[in-house]
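In the working numbering, the protein residues as written are 168 to 529. Below: the structure, in structure tokens.
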Amino acid sequence: SRQKRMLTPQSWWMRAAHEAARWAANQGWTLVGSGGTIPYDFVRWAYQHHGGRVDRIDPEKPRRSRTERQRGLKDRDRHVMERADMLIAVAVRAGGIMEDEGMKAIREGKSVWAVRPPSRAGEFRGGWNLLGAGAKELVLPNLNAFHAKADTGQAGGGKRTGSDIELVCLGETNGLWERRPIPESYLWHFTRSCPGPWPGQSMDEYFCSLIQNSADAGHFALDALIRILTERTIRASSKIIRGKYPVVCFTNEHPETLVSNRRFRPALARWDFEPYAIGVLKDEAEKAGAKPVRYLASAEFRRLNSVDRPYFQKSDEGSIDWRHEREWRTAGDFDLTHIDPAGIRVVILTGEETPFRTRMRG
């Protein structure tokens with residue numbers, strides 16, 4: 168069944184799917200699989216990782232509306248299972264298409280196996296139902312040594328109101344990160360969770376990092392912040408930027424103000440701000456090419472020259488007003504090697520100072 172967008176090394180379904188793929192590949196069978204979503208991509212990767220063959224079914228071209236896309240995914244799921252001679256259920260929620268198709272396969276006499284779920288939670292109840300209906304239990308010895316933890320994500324990434332969040336500011340001196348007051352005259356780059364590979368990371372590298380339990384494999388906002396400090400680079404992105412210009416976004420607003428007023432954006436399926444940021448002096452950022460965003464009506468974009476277009480932000484009457492972000496941008500990656508390390512500040516969630524310092528020392 169469909170899983171959370173964010174994978175962690177503690178994701179039970181991922182570990183179980185990896186071991187089920189090992190077992191099935193050792194039988195010499197061919198996996199009927201698809202792609203386009205992290206669970207499908209991971210299962211196909213795991214099967215090939217264990218030397219198995221894959222018969223890939225590509226999904227149809229994306230539909231325009233959300234309803235059409237959901238219908239297309241269901242049609243793809245049914246098609247995959249109809250092509251298969253055997254089904255292996257790993258993490259199946261109750262009442263979903265996977266449970267329905269599994270029950271249908273059992274009634275038709277098709278071979279159906281199911282891994283015993285780790286709990287009776289709704290996201291796994293379909294697996295229990297399949298076992299109760301006659302599916303054969305698939306015992307995976309290597310999975311028994313894995314103790315699943317609740318996949319709650321990172322403390323600052325859940326649906327918490329801004330008033331519940333307390334920030335702490337740290338600065339580095341001789342390799343030690345100590346508390347500092349949150350300074351004025353700084354530009355702040357907020358990090359956020361990154362479902363899927365990091366920029367520049369291959370899917371193979373991403374999945375390997377999860378299986379190997381790498382320190383930053385979870386790709387949460389704190390992981391992204393530590394990655395920036397380690398690489399000494401803030402990587403540009405063109406996502407939701409008009410004209411698809413790769414930019415690095417900053418804010419001239421105080422971090423506590425932004426986080427306390429943060430909102431969950433359903434259309435983007437995320438918060439507009441997570442409580443993790445890196446700050447540099449505004450003067451230093453300007454020397455590196457940072458410029459304030461121009462909040463203009465949509466029609467004005469066509470009138471801008473190519474140099475100014477990366478700094479455009481829509482500000483139409485009746486649409487979301489983004490001016491409170493007081494945004495600045497740089498075109499392309501932001502190189503921190505030219506910034507005095509003593510002037511760099513980071514803002515993280517209170518209570519995460521110890522893991523942050525441990526990972527920075529590591």
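Each residue gets a CB set at the ideal place from its N, CA and C atoms; glycine is no exception.
Looking at the secondary structure, which residues open and close the alpha helix (DSSP H) in which residue i lies?
i, result
"residue 376", "370 to 378"
"residue 395", "388 to 398"
"residue 208", "205 to 216"
"residue 188", "179 to 193"
"residue 526", "520 to 528"
"residue 298", "289 to 299"
"residue 425", "422 to 427"
"residue 307", "Neither: residue 307 is in no alpha helix (DSSP H) and is coded neither H nor E."
How would you label residue i, buried or exposed, when you count the other beta carbons within 10 angstroms and need 16 or more for buried?
i, result
"residue 343", "exposed"
"residue 360", "buried"
"residue 325", "Any reading at residue 325 needs caution, since the residue's pLDDT is 49, under 50, leaving its predicted position unreliable; the model's value is listed next. Under this definition residue 325 is an exposed residue."
"residue 477", "buried"
"residue 509", "exposed"
"residue 269", "buried"
"residue 206", "buried"
"residue 358", "buried"
"residue 185", "buried"
"residue 474", "exposed"
"residue 407", "exposed"
"residue 321", "Note that residue 321 scores a pLDDT of 46, beneath 50, so its modelled location is shaky; the value from the coordinates is reported in the next line. Buried, since its Cβ has 16 or more Cβ neighbours within 10 Å."
"residue 380", "exposed"
"residue 242", "exposed"
"residue 385", "buried"
"residue 393", "buried"
"residue 390", "buried"
"residue 487", "exposed"
"residue 290", "buried"
"residue 372", "exposed"
"residue 302", "buried"
Tell me which same chain residues have a C-beta within less than 8 Å of the C-beta of residue i, skipping the five on either side of it?
i, result
"residue 528", "342"
"residue 430", "438, 439"
"residue 412", "405, 476, 477, 498"
"residue 247", "199, 200, 201, 224"
"residue 347", "336, 337, 338, 512"
Which residues mark the beginning and the end of the beta strand (DSSP E) in which residue i is found?
i, result
"residue 264", "No beta strand (DSSP E) contains residue 264, which is instead part of the alpha helix (DSSP H) from 264 to 274."
"residue 337", "334 to 340"
"residue 256", "253 to 256"
"residue 358", "Residue 358 -> no beta strand (DSSP E), and no H or E assigned at all."
"residue 279", "278 to 282"
"residue 414", "414 to 418"
Leaving out the 5 sequence neighbours to the left and right, which residues in its chain are closer than 6 Å to residue i when beta-carbon positions are compared?
i, result
"residue 197", "220, 222"
"residue 317", "With a pLDDT of only 41 at residue 317, under the threshold of 50, the placement of this residue in the model should not be trusted; the figure read from the coordinates follows. There are no such residues."
"residue 446", "353, 355, 512"
"residue 253", "278"
"residue 493", "418, 419, 420"
"residue 449", "352, 354"
"residue 255", "187, 280"
"residue 517", "333, 335"
"residue 319", "The predicted model places residue 319 with a pLDDT of 42, which falls under 50 and marks its position as unreliable; any figure quoted below should be read in that light. Cβ neighbours of residue 319 beyond the five flanking positions: none."
"residue 362", "172, 173"
"residue 500", "400, 402, 403"
"residue 315", "Confidence is the limiting factor: at residue 315 the pLDDT is only 49, short of 50, which leaves the residue's position unreliable, though a coordinate-based value still follows. Excluding residues within five positions, the ones whose Cβ falls inside 6 Å are 179, 285."
"residue 506", "447, 451"
"residue 251", "199"
"residue 217", "188, 189, 192"
According to DSSP, residue i sits in a beta bridge with which residue or residues?
i, result
"residue 200", "223"
"residue 343", "340"
"residue 401", "501"
"residue 431", "438"
"residue 353", "448"
"residue 303", "280"
Note down, in chain order, each residue of its chain lying with its Cβ closer than 7 Å to the Cβ of residue i, except the 5 sequence neighbours on either side.
i, result
"residue 409", "468, 479, 481"
"residue 422", "334, 349, 355, 444, 514"
"residue 263", "168, 293"
"residue 304", "281, 283, 298"
"residue 300", "270, 273"
"residue 295", "284, 287"
"residue 374", "209, 212"
"residue 376", "384"
"residue 257", "180, 183, 184, 187, 282"
"residue 526", "382, 393"
Those runs of the beta strand (DSSP E) which lie wholly inside the region 446 to 516 and span at least 3 residues: Runs found: 461 to 463, 479 to 481, 494 to 498, 512 to 516.
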